[in-house]
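Engineer:
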Amino acid sequence: MGVLKNQNAFITGGGSGIGLACAKAFAADGANVLIMGRSEEKLEKAAIELQGVPGAGTINIFSGSVADEKDVEAAVAIASMGGSLDIAVANAGTGGLSPIMATDSASWDEIMQTNLNGTFYTVKHAGRAMAKSGGGAICAISSIAGIRTHRFMAPYCVSKAGIDMLVKNSADELGSVNIRVNSVCPGLVDTELAAGLINTEEVLNDYLDCMPIRRHGVVDDICNSVRFLCGPESSWITGVVLSVDGGHHLRRGPNVEPFSRALFGDDITEGRFT
Numbered sequence: 077m078g079v080l081k082n083q084n085a086f087i088t089g090g091g092s093g094i095g096l097a098c099a100k101a102f103a104a105d106g107a108n109v110l111i112m113g114r115s116e117e118k119l120e121k122a123a124i125e126l127q128g129v130p131g132a133g134t135i136n137i138f139s140g141s142v143a144d145e146k147d148v149e150a151a152v153a154i155a156s157m158g159g160s161l162d163i164a165v166a167n168a169g170t171g172g173l174s175p176i177m178a179t180d181s182a183s184w185d186e187i188m189q190t191n192l193n194g195t196f197y198t199v200k201h202a203g204r205a206m207a208k209s210g211g212g213a214i215c216a217i218s219s220i221a222g223i224r225t226h227r228f229m230a231p232y233c234v235s236k237a238g239i240d241m242l243v244k245n246s247a248d249e250l251g252s253v254n255i256r257v258n259s260v261c262p263g264l265v266d267t268e269l270a271a272g273l274i275n276t277e278e279v280l281n282d283y284l285d286c287m288p289i290r291r292h293g294v295v296d297d298i299c300n301s302v303r304f305l306c307g308p309e310s311s312w313i314t315g316v317v318l319s320v321d322g323g324h325h326l327r328r329g330p331n332v333e334p335f336s337r338a339l340f341g342d343d344i345t346e347g348r349f350t
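Structure follows, in structure tokens:
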């Protein structure tokens, strides 16, 4: 269709999963795409896939960490070398189970630095580039875990809840320079990060019990929403936290206790420390 032809898009965590799916969606509409990630090997494989998308613009990669502000700044500079940055997706993230009383500060910091700080750096530097060229659209990837409690996943939940408030504040501030900022909150999606949850049958079934539309998501469920929020179709939408979760946000948080017991044992899961 070429709706995004000659536009420049920047995607963190673009080497696989939701990030790569978003990159393919933008490329299919003609955008030039730069994907950022920590694994150069993954990025190179992803770039080959993106170059094969009919109608794709220029494809570039940047190997670095979103937890390092200088890496994000450098990647944004490359993504906007054509004169503008039109789209940015803050997708890179990490997580996992981490019972509160068993979480050390290093583990807490790693999740915050990647998920929350990485999103902040993306919004900050993409926003600066967009402001110079007349505006743009930023979309962050949050989570159902930022909306509903997930026992034994507090660091991840807190980081994702922080992203949603960052998005709202950013939308309020940056609207004056024609930058829209939104977030998509996926439910349980079949990705590498969620594999442990999906592969634990008892946990998966409990997740499904929380969803009116009783299935886990796939990456296209998420990238289609991101593409909409970053495209011209949503030009009057900003500050939105969009749940794409089969309706999970309408119900309770999932019970991941069986997964916690398998990983940490009964004592830690039940809060018994000596």
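Going from the sequence shown to this note's numbering is simple: count from 1 and add 76. Each residue gets a CB set at the ideal place from its N, CA and C atoms; glycine is no exception.
(1) So what's LEU242 in DSSP terms, helix, strand or just coil?
(2) Specify whether the region 314 to 322 and the region 135 to 148 touch according to this definition: at least 3 beta carbon pairs, one from each stretch, less than 8 angstroms apart.
(3) I need the DSSP call for ALA338, collapsed to helix, strand or coil.
(4) Inspect the beta-carbon positions of SER139 and GLU125 and report whether they are closer than 9 angstroms.
(5) By the 10 Å Cβ neighbour count, where 16 or more other Cβ atoms means buried, how is PRO262 classified, buried or exposed?
(6) Starting from the Cα of ALA216, find the closest Cα among ALA230, GLY238, PHE228, ALA205 and give me that residue.
(7) Look up ALA213 in the DSSP assignment and say whether it is helix, strand or coil.
(8) When the Cα of VAL199 is compared with those of PHE304, MET188, ALA166, which residue comes out closest?
(9) Under the rule that 16 or more other beta-carbon atoms within 10 Å means buried, what is GLY131, buried or exposed?
(10) Among the candidates ASP342, THR134, PHE349, SER311, whose CA atom is the shortest distance from the CA of ILE255?
(11) Could you give the C-beta distance for HIS324 and ILE220, rounded to a whole number, given that I count them as a contact under 8 angstroms?
(12) Give the secondary structure of GLY113 by DSSP, where H, G and I count as helix, E and B as strand, and everything else as coil.
(13) Just how far apart, CA to CA, sit ASP297 and PHE340?
(14) Hey, quick one: how far does the alpha helix (DSSP H) through ALA103 stretch, first residue to last?
(15) Below 8 angstroms on the Cβ atoms is my contact criterion, and I expect ASN258 with LEU305 to pass it. Report the Cβ-Cβ distance as a whole number of Å.
(16) For THR225, does the count of other Cβ atoms within 10 angstroms reach 16, so buried, or fall short, so exposed?
(17) DSSP state of PHE138, grouped into three classes?
(18) Compute the beta-carbon to beta-carbon distance between ASP266 and GLY293, rounded to the nearest angstrom, for a pair I have assumed lies under 8 angstroms.
(19) Can you pull the DSSP bridge partners for ALA164?
(20) With H, G and I counted as helix, E and B as strand and the rest as coil, what does DSSP make of SER259?
(21) Per DSSP, what kind of secondary structure is VAL265 in: helix, strand or coil?
(22) Would you mind working out which of CYS233, GLY133, GLY159 sits nearest SER174, comparing C-alpha positions?
(23) Between which two residues does the beta strand (DSSP E) holding VAL317 run?
Structural biologist: Taking the definition as stated:
(1) LEU242: helix per DSSP, three-state reduction.
(2) no
(3) In this structure, ALA338 counts as helix in the three-state DSSP scheme.
(4) no
(5) Buried is the label assigned to PRO262, since at least 16 other Cβ atoms lie within 10 Å of its Cβ.
(6) GLY238
(7) strand
(8) ALA166
(9) GLY131 should be labelled exposed.
(10) The residue from ASP342, THR134, PHE349, SER311 with its alpha-carbon nearest to that of ILE255 is SER311.
(11) 5 angstroms
(12) strand
(13) 32 angstroms
(14) 93 to 104
(15) 5 angstroms
(16) exposed
(17) The answer is strand: DSSP assigns PHE138 an E or B state.
(18) Their Cβ separation, rounded to whole angstroms, is 7 angstroms, which keeps ASP266 and GLY293 in contact under 8 angstroms.
(19) Under DSSP, ALA164 takes part in a beta bridge, and its partners are PHE86, ILE214.
(20) strand
(21) strand
(22) CYS233
(23) 317 to 320
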